[in-house]
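Going by the UniProt record's numbering, the sequence shown opens with residue 1, and the numbers climb by one from there.
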Amino acid sequence: MKAFKDRDPACASYSWALLYRKGYRSLQSYRIAHALWNQGRKVLALALQSRISEVFAVDIHPAARIGDGILLDHGTGLVIGETAVVGNCVSLMQGVTLGGTGKQIGDRHPKICQGALIGAGTTILGNIVVGDGAMIAAGSLVLKDVPPHRLEEKKGSDEVEAKASEEVDCGSMAVGNPARVVGYLEDEDPSLTMKHDARKDYFEHVAISSMDGRANGTFYCKKES
1 MKAFKDRDPA CASYSWALLY RKGYRSLQSY RIAHALWNQG RKVLALALQS
51 RISEVFAVDI HPAARIGDGI LLDHGTGLVI GETAVVGNCV SLMQGVTLGG
101 TGKQIGDRHP KICQGALIGA GTTILGNIVV GDGAMIAAGS LVLKDVPPHR
151 LEEKKGSDEV EAKASEEVDC GSMAVGNPAR VVGYLEDEDP SLTMKHDARK
201 DYFEHVAISS MDGRANGTFY CKKES
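Here it is, written out as structure tokens:
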């Protein structure tokens, strides 16, 4: 409940989360279904899952494993598959799908690590890993692993050359269809700050690379042999 109160500006109090935020209510209902599943009462767990989907438009398989400190913002259209794992302190926006590719059996769903932020309308498919502190931009299609946050050296400005370098946490930011890492966030846990902005220098690098690609034709056709 604290995750909803702290991270959702539309949630003014704990009572609002309990009474009006269907993301919170569907999450707690899933936890009951998950407990039933683990007790071997699978038919009852699946019946509860079906009812949760009808009432809240949130479809979470009762076998999925979801950690603590989770925010399901809005919740509408959220789908989490049977073998998916969501770590602690993850924020999931509306319309997110954690699904399989249709090609695998067994462990076939994504693993979302601690502190990740998954934007609205994102689709993540297959047994892949979204690393700690990663941010997936809205509308992305993720088919490959996204690296976790990293330590990056931050140097002093030219004006203050004597300033000692320091290391800062930078979380990966993935964007696009299919998604690729285009930048890094200067936050270890974007799920807590709910920030969606990447560092400017990385976007400039991507823009320059894109223009170079268009100029030499590598984005549009293969070179003739």
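Ideal placement from N, C-alpha and C gives every residue a C-beta, glycine not left out.
- In this structure, the alpha-carbon of Leu125 lies about 34 Å from that of Ala12.
- DSSP, reduced to helix, strand and coil, places Asp132 outside both helices and strands of the structure shown, so it counts as coil.
- For Gly99, the enclosing beta strand (DSSP E) stretches over residues 97-99.
- In the DSSP assignment, Val43 falls within the alpha helix (DSSP H) that extends over 42-56.
- In this structure, the beta-carbon distance from Thr76 to Val96 does not fall below 7 Å.
- Excluding residues up to 5 positions away in sequence, Tyr30, Ala33, Asp59, Ile60, His61, Pro62 lie with their Cβ nearer than 8 Å to the Cβ of Gln49 in the same chain.
- Under the three-state reduction of DSSP, Ile32 is assigned to helix.
- By the Cβ-count criterion, Lys144 is exposed, with fewer than 16 other Cβ atoms from all chains shown falling within 10 Å of its own Cβ.
- With a minimum length of 3 residues, the unbroken runs of beta strand (DSSP E) contained wholly in the region 62-145 fall at 78-80, 97-99, 123-125.
- In this structure, the straight-line span from the alpha carbon of Ser91 to that of Ile112 is close to 10 Å.
- Exposure of Gly106 is indicated by the presence of fewer than 16 other C-beta atoms within 10 angstroms of its C-beta.
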